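Report on one structure; see the data block that follows.
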Amino acid sequence: MEGRKGLKLIIETVVGMISILMALLFLGARSGGETIDAGLLVTMFALLPLFGVSALFFIGRHLEKHGYRREDFKRLHVILEENWGRDRFVKDVQEIIGHHIIVWYLLGMALFLTGNVVGAAISVVAMFLEIFSFIPIFLLMVQWILDIPLTLYALASGKEWTVTSARDLGLWIIKTSLFGAGLLVGVYLLGHTVGGSSLEMVDELLRLGRSEHLVKNLLLLSAQSVAFGAAEAYVFPKHKKLGFLVLLVVGAVGVAVVWDIIRGF
Numbered sequence: 014m015e016g017r018k019g020l021k022l023i024i025e026t027v028v029g030m031i032s033i034l035m036a037l038l039f040l041g042a043r044s045g046g047e048t049i050d051a052g053l054l055v056t057m058f059a060l061l062p063l064f065g066v067s068a069l070f071f072i073g074r075h076l077e078k079h080g081y082r083r084e085d086f087k088r089l090h091v092i093l094e095e096n097w098g099r100d101r102f103v104k105d106v107q108e109i110i111g112h113h114i115i116v117w118y119l120l121g122m123a124l125f126l127t128g129n130v131v132g133a134a135i136s137v138v139a140m141f142l143e144i145f146s147f148i149p150i151f152l153l154m155v156q157w158i159l160d161i162p163l164t165l166y167a168l169a170s171g172k173e174w175t176v177t178s179a180r181d182l183g184l185w186i187i188k189t190s191l192f193g194a195g196l197l198v199g200v201y202l203l204g205h206t207v208g209g210s211s212l213e214m215v216d217e218l219l220r221l222g223r224s225e226h227l228v229k230n231l232l233l234l235s236a237q238s239v240a241f242g243a244a245e246a247y248v249f250p251k252h253k254k255l256g257f258l259v260l261l262v263v264g265a266v267g268v269a270v271v272w273d274i275i276r277g278f
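The numbers in my numbering rise by one with no breaks, and the one at position 230 of the sequence shown is 243.
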């Protein structure tokens, strides 16, 4: 059968992930002495086709990037077999499917907590907003774990690809930090305009927005990340030694801001 390997991969990815997540759901409920509401479980699975449609949309876009037509998702199993072992093509398709199943599962968890689909959807959005509000801390980790070692290697080796990689990474840090800063401003405004919510996840997000000390320092970290990214993208490629010293100083400033956050708790 043509496309057998691709079909097997799709089935294993979907069935495997759902089986693991359902096992975690029932184990968690059992350990907490709770029961799973059958009606909510049916509702959860009734929502699964919507995520399937969304996954097909993004898979179609992925196929377009690789020279196929969007409607070629109908023979995805054949295309996967044709591209078996080609760079990240197959893995990217798996990740698209996997990410949709994870978001579906998170929506299901919120559904069990809130008891209704609208409340669950709002809770999931609030959860992601709260997670992404801490992008500045993630970026600081990237700076020290990835950027500074990379620029040090570029400084020592002088290889052109390392300088290009550092510049691209710096530009990515700038864009990501600006995105994170925009989210933080939105969370801050929500926290100061909305009094409270009966939804636990939304209420946690509002409390985050009202935390002046935390929001201020996260915004400072966003500014620090922009400065770091600018130094890496524009200073380091032209003046490597000076650029590396600037990166160390700006990175140290970020560590000081995180220390202030920790002291505030």
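All C-beta atoms in this analysis are idealised placements derived from N, C-alpha and C, irrespective of residue type, glycine included.
Computed from a prediction, not measured in an experiment: that's the story for all the values here.
- Secondary structure note for T206: its alpha helix (DSSP H) is the uninterrupted segment E173 to T206.
- Using a 10 angstroms sphere on the CB of T48, the tally of other CB atoms stays under 16, which defines it as exposed.
- Annotation: the region 15-49 contains the following complete segments of the alpha helix (DSSP H) (minimum length 4 residues), in chain order: 17-44.
- Note on I92: 16 or more other CB atoms within 10 angstroms of its CB, so buried under the neighbour-count rule.
- DSSP, reduced to helix, strand and coil, places P250 outside both helices and strands of the structure shown, so it counts as coil.
- Residue burial is scored here from C-beta neighbours: W117 has at least 16 other C-beta atoms within 10 angstroms and is therefore classed as buried.
- In the three-state scheme derived from DSSP, where H, G and I count as helix and E and B as strand, L89 is classed as helix.
- Judged by DSSP in its simplified three-state form, S170 adopts helix.
- The DSSP-derived three-state label of W117 is helix.
- C-alpha of G111 to C-alpha of L255: approximately 43 Å in a straight line.
- By a beta-carbon distance limit of 8 Å, V200 does not contact L261. Their separation comes to about 31 Å.
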